[in-house]
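K.L.:
Its first residue numbered 1, the sequence shown is counted upward by one per residue in the UniProt record's numbering.
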Amino acid sequence: MTRTVVAQGTFDILHPGHVHYLEEAAAMGDELLVIVARKSNVDHKEKPICPAAQRRDVVAALEVVGDAIVGHEEDIFAPIEEIDPDVIALGHDQHHDDDAIEAELERRGIDCTVERASARDPEREDEVLSTRLIIDRILERRG
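Structure representation (structure tokens):
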């Protein structure tokens, strides 16, 4: 039986922190599906710069990703209901409340676990592992 993992995020400017998250998520099962957030659903930070389809295509190009889709317009749990994963993998710093997610999964009759990926420390002094920090650096150097 295939163990399906769902990871989700904005993935606006793909960086090594995203790759680490998705590699750890992939290791939690046999198949990794990624849900890329729509701009309309990003309300906890700045809206993404790149269009959702572009962000999906870049994430889908990663070897560890089996498939990537753009999330639902209104209901972030709708794709999860369709996929019916065994695991939902959250990034170490994602704003989601694990208990609230588990409660909503139970309410919808989705039987899966919620696991968090670990943080990744920079491997070099100049490595940037955050979209926000990448944007700040661009503005500082080129703004």
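Backbone N, C-alpha and C fix where the C-beta goes; we use that ideal spot for every residue, glycine too. If you're wondering where the values come from, they're calculated on a predicted model, not measured in any experiment.
1. Suppose contacts are defined by Cβ-Cβ distances below 8 Å. Is D98 in contact with V87 by that definition?
2. Who are the Cβ neighbours of P48 in its own chain at under 7 Å, not counting the five residues just before and after it?
3. So, for F77: in the same chain, excluding its five sequence neighbours on each side, which residues have a beta-carbon less than 7 Å away from its beta-carbon?
4. The beta strand (DSSP E) with T4 in it runs from where to where?
5. Do G66 and P79 have their CB atoms nearer than 8 Å?
6. Which residue or residues does DSSP assign as beta-bridge partners of L22?
7. For Y21 versus A100, is the C-beta spacing smaller than 8 Å?
8. Tell me the residue span of the beta strand (DSSP E) that contains R116.
9. Could you spell out the range, first to last residue, of the alpha helix (DSSP H) harbouring E82?
10. Alpha carbon to alpha carbon, how far is L133 from E74? Give it in angstroms, no decimals.
11. Quick one: which unbroken alpha helix (DSSP H) runs of 4-plus residues sit fully inside the stretch 81 to 109? Chain order, please.
P.N.:
In short:
1. no
2. T10, D12, K39, V42, R55
3. E104, R108
4. 4 to 9
5. no
6. Answer is none; L22 lacks a bridge partner.
7. Taking 8 Å as the Cβ cut-off, Y21 and A100 do not qualify as a contacting pair.
8. 113 to 116
9. For E82, the enclosing alpha helix (DSSP H) begins and ends at 78 to 83.
10. 29 Å
11. 98 to 107
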